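Chains as they are written, first to last, in the numbering used here: chain A, 178 to 638; chain B, 178 to 638; chain C, 18 to 77. Structure first, then comments.
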Amino acid sequence: MKVTVIGGGPGGYVAAIRAAQLGGEVTLIEKENLGGTCLNVGCIPTKALLHSAELYEEAKEGAKYGIIATDVKVDFAKVQERKKTVTKQLVAGVKGLLAANKVKVVKGVASFIGRDVIEVKTEKATEIIKADKFIIATGSIPAKPPIPGIDSKQCIDSTGALELHEVPKSMVIVGGGVIGIEIATLYSALGCKIVVIEMLDEILPMMDGELTKMIRAKLAKKGVEIFTSTKVMSFKDAGGNVEVTVEMKDGSTKVFAGEKALISIGRKTNTKALGLEKAGIANDRGRITVNDKMETNVSGIYAVGDCIGKIMLAHVASAQGEVAAENACGHNSVFDSKTNPSCVYTKPEFASVGLTEEAARSQGVDYIVGKFPLAANGRAMIMGEDGMIKIIAGKKYKEVLGAHILGPRATDLIGELALAIGMEATIDEVIATIHAHPTVAEAIREAVLALEKRAIHVVDR
Amino acid sequence: MKVTVIGGGPGGYVAAIRAAQLGGEVTLIEKENLGGTCLNVGCIPTKALLHSAELYEEAKEGAKYGIIATDVKVDFAKVQERKKTVTKQLVAGVKGLLAANKVKVVKGVASFIGRDVIEVKTEKATEIIKADKFIIATGSIPAKPPIPGIDSKQCIDSTGALELHEVPKSMVIVGGGVIGIEIATLYSALGCKIVVIEMLDEILPMMDGELTKMIRAKLAKKGVEIFTSTKVMSFKDAGGNVEVTVEMKDGSTKVFAGEKALISIGRKTNTKALGLEKAGIANDRGRITVNDKMETNVSGIYAVGDCIGKIMLAHVASAQGEVAAENACGHNSVFDSKTNPSCVYTKPEFASVGLTEEAARSQGVDYIVGKFPLAANGRAMIMGEDGMIKIIAGKKYKEVLGAHILGPRATDLIGELALAIGMEATIDEVIATIHAHPTVAEAIREAVLALEKRAIHVVDR
Amino acid sequence: KAAAVTETGRIKASPLAKKTAVDLGVDLIGLSGSGTGGRIIQKDVFEASENHEAQTAVQK
Ligand SMILES: Cc1cc2nc3c(=O)[nH]c(=O)nc-3n(C[C@H](O)[C@H](O)[C@H](O)COP(=O)(O)OP(=O)(O)OC[C@H]3O[C@@H](n4cnc5c(N)ncnc54)[C@H](O)[C@@H]3O)c2cc1C
Ligand SMILES: Cc1cc2nc3c(=O)[nH]c(=O)nc-3n(C[C@H](O)[C@H](O)[C@H](O)COP(=O)(O)OP(=O)(O)OC[C@H]3O[C@@H](n4cnc5c(N)ncnc54)[C@H](O)[C@@H]3O)c2cc1C
Numbered sequence: 178m179k180v181t182v183i184g185g186g187p188g189g190y191v192a193a194i195r196a197a198q199l200g201g202e203v204t205l206i207e208k209e210n211l212g213g214t215c216l217n218v219g220c221i222p223t224k225a226l227l228h229s230a231e232l233y234e235e236a237k238e239g240a241k242y243g244i245i246a247t248d249v250k251v252d253f254a255k256v257q258e259r260k261k262t263v264t265k266q267l268v269a270g271v272k273g274l275l276a277a278n279k280v281k282v283v284k285g286v287a288s289f290i291g292r293d294v295i296e297v298k299t300e301k302a303t304e305i306i307k308a309d310k311f312i313i314a315t316g317s318i319p320a321k322p323p324i325p326g327i328d329s330k331q332c333i334d335s336t337g338a339l340e341l342h343e344v345p346k347s348m349v350i351v352g353g354g355v356i357g358i359e360i361a362t363l364y365s366a367l368g369c370k371i372v373v374i375e376m377l378d379e380i381l382p383m384m385d386g387e388l389t390k391m392i393r394a395k396l397a398k399k400g401v402e403i404f405t406s407t408k409v410m411s412f413k414d415a416g417g418n419v420e421v422t423v424e425m426k427d428g429s430t431k432v433f434a435g436e437k438a439l440i441s442i443g444r445k446t447n448t449k450a451l452g453l454e455k456a457g458i459a460n461d462r463g464r465i466t467v468n469d470k471m472e473t474n475v476s477g478i479y480a481v482g483d484c485i486g487k488i489m490l491a492h493v494a495s496a497q498g499e500v501a502a503e504n505a506c507g508h509n510s511v512f513d514s515k516t517n518p519s520c521v522y523t524k525p526e527f528a529s530v531g532l533t534e535e536a537a538r539s540q541g542v543d544y545i546v547g548k549f550p551l552a553a554n555g556r557a558m559i560m561g562e563d564g565m566i567k568i569i570a571g572k573k574y575k576e577v578l579g580a581h582i583l584g585p586r587a588t589d590l591i592g593e594l595a596l597a598i599g600m601e602a603t604i605d606e607v608i609a610t611i612h613a614h615p616t617v618a619e620a621i622r623e624a625v626l627a628l629e630k631r632a633i634h635v636v637d638r
Numbered sequence: 178m179k180v181t182v183i184g185g186g187p188g189g190y191v192a193a194i195r196a197a198q199l200g201g202e203v204t205l206i207e208k209e210n211l212g213g214t215c216l217n218v219g220c221i222p223t224k225a226l227l228h229s230a231e232l233y234e235e236a237k238e239g240a241k242y243g244i245i246a247t248d249v250k251v252d253f254a255k256v257q258e259r260k261k262t263v264t265k266q267l268v269a270g271v272k273g274l275l276a277a278n279k280v281k282v283v284k285g286v287a288s289f290i291g292r293d294v295i296e297v298k299t300e301k302a303t304e305i306i307k308a309d310k311f312i313i314a315t316g317s318i319p320a321k322p323p324i325p326g327i328d329s330k331q332c333i334d335s336t337g338a339l340e341l342h343e344v345p346k347s348m349v350i351v352g353g354g355v356i357g358i359e360i361a362t363l364y365s366a367l368g369c370k371i372v373v374i375e376m377l378d379e380i381l382p383m384m385d386g387e388l389t390k391m392i393r394a395k396l397a398k399k400g401v402e403i404f405t406s407t408k409v410m411s412f413k414d415a416g417g418n419v420e421v422t423v424e425m426k427d428g429s430t431k432v433f434a435g436e437k438a439l440i441s442i443g444r445k446t447n448t449k450a451l452g453l454e455k456a457g458i459a460n461d462r463g464r465i466t467v468n469d470k471m472e473t474n475v476s477g478i479y480a481v482g483d484c485i486g487k488i489m490l491a492h493v494a495s496a497q498g499e500v501a502a503e504n505a506c507g508h509n510s511v512f513d514s515k516t517n518p519s520c521v522y523t524k525p526e527f528a529s530v531g532l533t534e535e536a537a538r539s540q541g542v543d544y545i546v547g548k549f550p551l552a553a554n555g556r557a558m559i560m561g562e563d564g565m566i567k568i569i570a571g572k573k574y575k576e577v578l579g580a581h582i583l584g585p586r587a588t589d590l591i592g593e594l595a596l597a598i599g600m601e602a603t604i605d606e607v608i609a610t611i612h613a614h615p616t617v618a619e620a621i622r623e624a625v626l627a628l629e630k631r632a633i634h635v636v637d638r
Numbered sequence: 018k019a020a021a022v023t024e025t026g027r028i029k030a031s032p033l034a035k036k037t038a039v040d041l042g043v044d045l046i047g048l049s050g051s052g053t054g055g056r057i058i059q060k061d062v063f064e065a066s067e068n069h070e071a072q073t074a075v076q077k
């Protein structure tokens, strides 16, 4: 089976490896860098920079723990260098994995010229590639809204924000989604004055509102100013600064100045160059239409990841990549997002899986809630952190429907609850599981106990 | 129902709260400090000190991440103060929880004077307390082997090691169990030269041998010298030092000198003062005999935690405490250790649940193994850590039988696999669960995929 | 759909499916599972319950 994958991000390279594991003869076309957005200008670089920022904050606050460092400084060039080392190593890793799995990698821009054939513009030539199956994984690019002045040189997108040579003194972040909030966390920790402008009435709209309020308060405490229900009207280059004119919630106009303005209002699918129409691939304004087997309307052509314009997350792209590869190779797999976690690398971390309380309410689900404050968790206290674990369960059978964690290690803790949701566990099974002491994970069990008003380490009424 | 709990550690205070939740009229007798070993001289103080030590190491190594701190020092008095703040706060928390649950706390030493009655020697008087049900949770104390010279003033136990006023220049640790290895991790990070002497042929005997070798290598790299199959013959006070004479593996004799010698060869049940014979409670040299309902041979008398001399862990004591309280209050609960995690707070952390490969082999279980090296995990790489995740599954049905993690956040990651074991999950369910990127938890799924030779991020052969 | 009974006679069903089955009076034995690895999930129990009701209605 000849399988051609277009795009070498976490959707594409995982699909390619999986198809090769299943015996496919696989070619992968990538126009820029293997690893795609995720490894080069997305997940990994943000988290590498954030790790340095976290170490900086910890070193400065060490005295509280008896660790005295008099003169803590950020060598931002070094911080960037470390980021590059990590991304390079991971990109090299992907290259090695593809080679070991005998995936042929072609560098070039692919576009369909028929239902079963693409042309690839490489540096020197144009190659024609025929295949039995195609998996499209061309990802997404930052959206650039048509706001006057957005082409000012101080207006940057996430890629620009990750590649600054210096920590700016001030930054206006337009868009309080995951990317905006992670970059706010990053640069505010490094001493940049941050203002976040969000059009909706809350930042991080996919997260549980109650916990979002807690992280907002934490950001505010660090000097990050957040304005919700606020709309950007225009940008103006003012020499060293950019002036961002916004319409506030109350209808008044305000101007924020920043050394940089980050535009992080969302991402759009990257499918323009693909020639979708040549193969007759159905799409909704560039978002490729697929079913839960990741099939497009054209038999033998699959699409996964950001390019379908649904859940734009690396692990979703990879999960869909595996499904597409399996189906392309004759298996029968479906993608199910019910165990899909959402993570935000704030300090402390913020993670969620399943229904938020808002979603449960609006879907008319009969639910109960259990909560446990991490201020009462020994391990979190030792780390000098707090936060909250919140569990949503069905009222009748007490199955786990949603879990929300704001606290240290939240992004890793959420795995237990994703498994619980996937297995249709009820709270009895989580309660029956012994949770090690002293860990943050203990608080998961406590939050679940709280659903039955029987938490041990918090007073239940 | 009148329930009296003897001992205020994680076994006793949890039992008391649970019994109160179920409507019991509860009295708790504690001779020293609420929170027992765990909060006062065990789990919490070790981890509080270890957290400071970790921050120290990170601050010193910050340059790698672009965080430059020129002059990092340990203010050990401050480190100890921080530890005290945490333990005090948690002990006060337990006091508050007991009060809120209307548990009457009596300070004094309890001992049985009959089958349904104890006497409690308080500061001023002797009280007689009758009850319908008793839950014994008197815990354990460090064992002191009859080795010549063990009374030298430089010989300390874990309690002494946690209360030092200065970081010693050198320490000989006798016993390479969890406590010995955690204290080795702590003081070696703070600059103390450590030698560990272990009688068995490997340290941390309950952990998976393959991963134990990896942590041994890491400790060695930090200058911790470990001698296994080595027996301590005698201690000798040599002024500022203690000289520890040992018999090496090859039969030769060697002398190690240290400013302190830590005796951490194990703990023994603390039941001597209880007058077990007066109530006719069966025990094996002080280890109280119980069934899986935590009942002793005497109806209405239960025992939980370290005092039964089985698995000496705080979370086990608490889990058993809940079971005993529920049974005492007329419910029907059993204790099952199959989801019980074991954790060691090394750097990186080390955690395990279920069968080790050694146990699987010796029990004749038909098993398969999946492994994933954390050097190939983006999140671990960002944190500058490595390690390994190893999963043991049944050969036929591929149910998860054991999981072993050496890596950052291991103690919290193990929760997902404890739940998997508790739910009798097969690897299919873990694979079907989407794991967030970039997290360490992703590597759990990879290790599970490796069981079927289909890991994505490592070359499977 | 695969049969959800293992060779050892154990029924592979999610905890939610089990509780739902008790509640609706559905017998898990003989049900086939549409979950991962052929596990019976709640949806299967609901479907079985509806089929059963439909059948009883027809019989009446
Ligand atoms: C700043 C930032 C932080 C993020 N953090 C996270 C995070 O923490 N966790 C998370 O899960 N997600 C995160 N994301 C989202 C994540 O990066 C994407 O969801 C993920 O990369 C999508 O994978 P993909 O394979 O679908 O597309 P991409 O990663 O975008 O890869 C698509 C690839 O296709 C190539 N390509 C495009 N068109 C063609 C063509 N015609 N021919 C050949 N090649 C082509 C591109 O060059 C690119 O390499 C983040 C994104 C950003 C921007
Ligand atoms: C250094 C160290 C580190 C540890 N780290 C961990 C860890 O990280 N994780 C973990 O799970 N476990 C750890 N442990 C083990 C853990 O502390 C014990 O397993 C746990 O405390 C046992 O709880 P317990 O309630 O059975 O007994 P204990 O905590 O020992 O409590 C017993 C209580 O009973 C009181 N008492 C005794 N006799 C009487 C009497 N006759 N009358 C009245 N009161 C009495 C004692 O004063 C004590 O307060 C550690 C232990 C040590 C020493």
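C-beta: ideal position from N, C-alpha, C; glycine also. From a predicted model like this one, the values you see are computed outputs, not experimental measurements.
**Request:** Please name the residues in the stretch 615-626 of chain B whose beta-carbon is closer than 9 Å to at least one beta-carbon of chain F, in chain order.
**Result:** Among the protein chains in the structure shown, which are A, B and C, there is no chain F.
**Asked** Are any of the Cβ atoms in chain C nearer than 8 Å to that of A:D605?
**Response** In the first sequence, residue 605 of chain A corresponds to position 428, counting from 1. So, interface residue.
**Asked** CB of A:L341 to nearest heavy atom of ligand 1: below 7 Å?
**Response** Residue mapping note: residue 341 of chain A aligns to position 164 of the first sequence, counting from 1. No, the beta carbon of A:L341 sits no closer than 7 Å to any heavy atom of ligand 1.
**Item:** A:L211 classed as buried or exposed, judged by whether at least 16 other C-beta atoms fall within 10 angstroms
**Value:** Position 34 of the first sequence holds residue 211 of chain A. Its Cβ being crowded by 16 or more others within 10 Å, A:L211 is buried.
**Prompt:** Looking at C-alpha atoms only, which residue of B:A632, B:T588, B:F311 and B:E629 is the closest neighbour of B:G201?
**Reply:** Here residue 201 of chain B is taken as the residue at index 24 of the second sequence, counted from 1. Checking every option, the nearest Cα to that of B:G201 belongs to B:F311.
**Request:** Specify the secondary structure class of A:L341 as computed by DSSP and reduced to three states.
**Result:** As a first step, residue 341 of chain A is located in the first sequence; it is residue number 164 there, counting from the start. Coil at A:L341, not helix or strand.
**Request:** Return the first residue and the last residue of the alpha helix (DSSP H) that B:L232 is part of.
**Result:** Position 55 of the second sequence, counting from 1, holds the residue named residue 232 of chain B. Residues C220 to K237.
**A:N418, buried or exposed, once every other Cβ within 10 Å from all chains shown has been counted against 16** = Counting from one through the first sequence, the residue named residue 418 of chain A turns up at place 241. Buried is the label assigned to A:N418, since at least 16 other Cβ atoms lie within 10 Å of its Cβ.
**Message:** Residues of chain B with CB closer than 7 Å to the CB of C:T53, please, in chain order.
**Reply:** Residue numbering aside, residue 53 of chain C sits at position 36 when the third sequence is read from its first letter. Simply D605, E606 and A609.
**Request:** May I ask you to list the residues that DSSP assigns as paired with A:G477?
**Result:** Here residue 477 of chain A refers to the residue found at position 300 when the first sequence is read from its first residue. According to DSSP, which records beta bridges pairwise, A:G477 is partnered with nothing at all.
**Prompt:** Would the C-beta of A:T315 count as close to ligand 1, meaning under 7 Å from any of its heavy atoms?
**Reply:** By one-based count along the first sequence, residue 315 of chain A stands at place 138. Under cutoff, so the answer is yes.
**Message:** Measuring CB atoms only, is the stretch 224-236 of chain B touching the stretch 535-550 of chain B, in the sense that at least three cross pairs come out at less than 8 Å?
**Reply:** Judged by Cβ distances under 8 Å, the stretch 224-236 of chain B makes no contact with the stretch 535-550 of chain B, as fewer than three pairs qualify.
**Asked** Cα separation between A:M565 and B:G498?
**Response** What you label residue 565 of chain A is simply residue 388 of the first sequence in a count that begins at 1. What you label residue 498 of chain B is simply residue 321 of the second sequence in a count that begins at 1. Computed Cα separation, rounded: 25 Å.
**Prompt:** B:R586 and A:D589: beta carbons closer than 8 Å?
**Reply:** The residue labelled residue 586 of chain B in the question sits at position 409 within the second sequence. The residue labelled residue 589 of chain A in the question sits at position 412 within the first sequence. Yes, the Cβ-Cβ distance between B:R586 and A:D589 is below 8 Å.
**Prompt:** Since B:F289 sits in a beta bridge, which residues does DSSP pair it with?
**Reply:** In the second sequence, residue 289 of chain B corresponds to position 112, counting from 1. Residue pairing from DSSP places B:F289 in a beta bridge opposite B:I295.
**Message:** If I follow the unbroken alpha helix (DSSP H) through A:Y364, where does it start and stop?
**Reply:** Taking the first residue of the first sequence as position 1, residue 364 of chain A is located at position 187. That run of the alpha helix (DSSP H) goes V355 to A366.
**Item:** Rounded distance between the beta-carbons of A:F412 and A:S495, thought under 8 Å
**Value:** Your numbering for residue 495 of chain A matches position 318 in the first sequence. Your numbering for residue 412 of chain A matches position 235 in the first sequence. Contact between A:S495 and A:F412 does not hold, since the beta-carbon distance rounds to 36 Å and is not under 8 Å.
**Asked** Can we count A:H492 as close to ligand 1, meaning its CB is less than 7 Å from some heavy atom?
**Response** As a position in the first sequence, residue 492 of chain A is number 315, starting the count at 1. For A:H492, the CB falls within less than 7 Å of some heavy atom of ligand 1.
**Message:** Helix, strand or coil for B:C332? Go by DSSP, reduced to three states.
**Reply:** For the purposes of this step, residue 332 of chain B is taken as the residue at position 155 of the second sequence. DSSP places B:C332 in strand when its eight states are reduced to three.
**Prompt:** Do you know offhand how far B:T516's Cα is from B:L578's?
**Reply:** To locate residue 516 of chain B, count along the second sequence from 1; it is residue 339. To locate residue 578 of chain B, count along the second sequence from 1; it is residue 401. Going from the Cα of B:T516 to the Cα of B:L578 covers about 10 Å.
**Item:** Cβ neighbours of B:T610 in the same chain (closer than 8 Å, five flanking residues each side left out)
**Value:** Taking the second sequence and counting its residues from 1, one reaches residue 610 of chain B at position 433. Non-local beta-carbon contacts of B:T610 in its own chain, meaning distances under 8 Å to residues more than five positions away in sequence, involve R622 in chain order.
**Asked** Listed from N- to C-terminal order along the chain, which residues in the stretch 393-424 of chain B have their beta-carbon within a distance smaller than 7 Å of any beta-carbon of chain A?
**Response** Under the 7 Å Cβ criterion, the stretch 393-424 of chain B contributes no residue.
**Request:** Please check if any C-beta of chain B sits within less than 8 Å of the C-beta of A:C220.
**Result:** Position 43 of the first sequence, counting from 1, holds the residue named residue 220 of chain A. For A:C220, at least one C-beta of chain B is nearer than 8 Å to its own C-beta.
**Prompt:** How would you list, in chain order, the residues of chain A whose beta-carbon sits under 7 Å from the beta-carbon of C:S31?
**Reply:** Counted from its first residue, the third sequence places residue 31 of chain C at position 14. By Cβ distance, chain A contributes M600 and E601.
**Prompt:** I think C:I57 touches C:L45, with their Cβ atoms under 8 Å apart; what is that distance to the nearest whole Å?
**Reply:** One-based indexing of the third sequence puts residue 57 of chain C at position 40. One-based indexing of the third sequence puts residue 45 of chain C at position 28. That belief holds up - the Cβ atoms of C:I57 and C:L45 are roughly 6 Å apart, short of 8 Å.
**Request:** Keeping to the same chain, check which residues put their C-beta closer than 8 Å to that of A:K272; ignore five residues upstream and five downstream.
**Result:** Taking the first residue of the first sequence as position 1, residue 272 of chain A is located at position 95. Once the five neighbours on either side are set aside, the close Cβ partners of A:K272 are L211 and V282.
**Message:** Measuring straight from C-alpha to C-alpha, what distance separates C:K35 and C:Q59?
**Reply:** Your numbering for residue 35 of chain C matches position 18 in the third sequence. Your numbering for residue 59 of chain C matches position 42 in the third sequence. Separation of C:K35 and C:Q59 (C-alpha to C-alpha, rounded to the nearest whole angstrom) is 8 Å.
**Message:** For B:A597 and A:T204, I'd like the C-alpha separation in whole angstroms.
**Reply:** In the second sequence, residue 597 of chain B corresponds to position 420, counting from 1. In the first sequence, residue 204 of chain A corresponds to position 27, counting from 1. Those two C-alpha atoms are separated by around 37 Å.
**Prompt:** Where does A:P550 fall in DSSP's three states?
**Reply:** By 1-based counting over the first sequence, the position of residue 550 of chain A is 373. Strand at A:P550.
**Asked** Are the stretch 312-321 of chain B and the stretch 472-481 of chain B touching, with three or more C-beta to C-beta distances below 8 Å?
**Response** Contact between the stretch 312-321 of chain B and the stretch 472-481 of chain B is established, with three or more Cβ pairs separated by less than 8 Å.
**Item:** Within 8 Å, strictly: CB atoms of A:I440 and A:P319
**Value:** Here residue 440 of chain A refers to the residue found at position 263 of the first sequence. Here residue 319 of chain A refers to the residue found at position 142 of the first sequence. In contact: A:I440 and A:P319 (Cβ atoms closer than 8 Å).
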